[in-house]
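Novice:
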Amino acid sequence: MSSTKPTVWVSRIMMDSTLIKPFAADIVETDKDNAIEALRLNQLGFPLPSDRFPKEQYFTQRSKKAAKQPDIFSAGGFWCVSAAVADVMRQFDLGEGGLYPTKLFQFDRETPVEGTYFCLNFGVRQQHFIPDQSPGATVPFKAPPNSWKPQFVVNDYDIAVRAEALDGPDMWIDPYLWNAVFMSDPLVQALKAAKLTRRFNLRKCLIV
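Residues in the sequence shown are numbered from 422 upward in steps of one, following our numbering.
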């Protein structure tokens with residue numbers, strides 16, 4: 422069930438280095454500049470078509486075997502989710518974002534990594550973040566105007582958003598707050614019910 426108080430959540434997945442997994446994407450090998458631009462645009466919340474995301478990704482460590490991956494992770498910079506997370510997300514409004522199938526392989530490029538995965542295009546930009554009421558945000562070094570990022574430690578209600586954030590798509594990027602993903606309460610509650618939120622590093626936002 423959804424929380425009794427209107428709630429928006431912020432996820433700090435983009436600041437969790439343990440979610441970065443050593444994979445090389447096929448599109449990086451065929452067109453590196455285009456792939457790097459796709460990474461940048463996705464991080465900023467721009468909608469992108471499926472051909473801007475890898476169809477195949479290859480584990481880069483010869484001496485190790487890639488295990489089944491977490492429910493959300495970054496494969497060489499491309500954000501990916503498990504099939505279980507994708508099944509939940511498809512029930513919600515992702516705006517112009519999307520989920521695109523991707524196959525993960527071991528170093529030999531033939532043996533599949535256990536699990537089914539999808540690249541996640543965030544695909545929605547909305548400016549609801551309120552910096553002067555957000556003790557959990559700080560200004561990055563040499564940042565351009567209107568730029569903040571989450572602190573290393575963020576507690577519930579340390580990030581403030583306007584009440585308008587309660588309406589519209591269920592997941593978005595705020596152009597003023599770097600390295601953060603915002604999610605609606607219904608989406609988070611559905612992920613919680615499926616026991617899929619452990620790696621999302623979620624905190625409740627202050628609604629103003």
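Built from N, CA and C at the ideal position, the CB exists for glycine as well. All figures in this text were calculated on a predicted structure; none of them were measured in a lab.
Determine the burial state of L515: buried for a count of at least 16 other Cβ atoms within 10 Å of its Cβ, exposed for fewer.
Specialist: In the sequence shown, counting from the first residue as 1, residue 515 sits at position 94. That one is buried.
Novice: If contacts are defined as beta-carbon pairs under 8 Å, then Q547 and W593 qualify, I think. What distance do you get, rounded to the angstrom?
Specialist: Translated into positions along the sequence shown, residue 547 becomes position 126. Translated into positions along the sequence shown, residue 593 becomes position 172. That belief holds up - the Cβ atoms of Q547 and W593 are roughly 5 Å apart, short of 8 Å.
Novice: Does any CB atom of chain D fall closer than 7 Å to the CB of Q464?
Specialist: Judged by its chain identifiers, the structure shown contains no chain D, having just a single protein chain.
Novice: Rank A487, E477, N576 and A558 by C-alpha distance to the C-alpha of T371 and give the top, closest one.
Specialist: Because the chain here runs from 422 to 629, residue 371 falls outside it and cannot be looked at.
Novice: Check whether the region 556 to 576 touches the region 492 to 504, taking contact to mean three or more Cβ pairs, one atom from each stretch, closer than 8 Å.
Specialist: They do not touch, by the three-pair rule.
Novice: Rounded to a whole number of angstroms, what is the C-alpha to C-alpha distance between A584 and A601?
Specialist: Taking the sequence shown and counting its residues from 1, the one referred to as residue 584 is at position 163. Taking the sequence shown and counting its residues from 1, the one referred to as residue 601 is at position 180. Using only the alpha carbons, I get a separation of about 18 Å.
Novice: What residues in its chain sit with their C-beta under 6 Å from that of L627, if we drop five residues either side in the sequence?
Specialist: Reading the sequence shown from its first residue, position 206 is the one you call residue 627. Same-chain partners within the cutoff: Y578 and A581.
Novice: Starting from E477 and walking both ways along the beta strand (DSSP E), at which residues does that stretch end?
Specialist: Walking along the sequence shown from the start, residue 477 turns up at place 56. Here the beta strand (DSSP E) through E477 covers E477 to F480.
Novice: Would you mind reading off the limits of the alpha helix (DSSP H) that contains T451?
Specialist: Looking up residue 451 in the sequence shown gives position 30. Run containing T451: D447 to T451, per the alpha helix (DSSP H) assignment.
Novice: Is the beta carbon of G497 less than 7 Å from the beta carbon of A445?
Specialist: One-based indexing of the sequence shown puts residue 497 at position 76. One-based indexing of the sequence shown puts residue 445 at position 24. Yes.
Novice: Straight-line CA distance for F539 to A456?
Specialist: By 1-based counting over the sequence shown, the position of residue 539 is 118. By 1-based counting over the sequence shown, the position of residue 456 is 35. Rounded to whole angstroms, F539 to A456 spans 17 Å at the Cα level.
Novice: Which term fits V574, buried or exposed, when burial requires 16 or more other beta carbons within 10 angstroms of its beta carbon?
Specialist: Looking up residue 574 in the sequence shown gives position 153. V574 comes out exposed.
Novice: Three-state secondary structure (DSSP) at S432?
Specialist: Locating residue 432 in the sequence shown gives position 11, where the first residue counts as 1. DSSP places S432 in strand when its eight states are reduced to three.
Novice: Mind reading off the beta-carbon distance from V604 to S471? Whole number of angstroms is fine, and I expect it under 8 Å.
Specialist: Walking along the sequence shown from the start, residue 604 turns up at place 183. Walking along the sequence shown from the start, residue 471 turns up at place 50. The amino acid at residue 604 is misidentified as Val; the sequence shows Met. No, M604 and S471 are not in contact; Cβ-Cβ is about 22 Å, not under 8 Å.
Novice: Under 7 Å, do A487 and F480 count as touching if we go by C-beta distance?
Specialist: Counted from its first residue, the sequence shown places residue 487 at position 66. Counted from its first residue, the sequence shown places residue 480 at position 59. For A487 and F480, yes; Cβs fall inside 7 Å.
Novice: For the candidate residues T559, P607, R473 and A459, whose alpha-carbon lies nearest to that of K426?
Specialist: Residue 426 sits at position 5 when you count from the first residue of the sequence shown. When only C-alpha atoms are compared, the closest one is P607.
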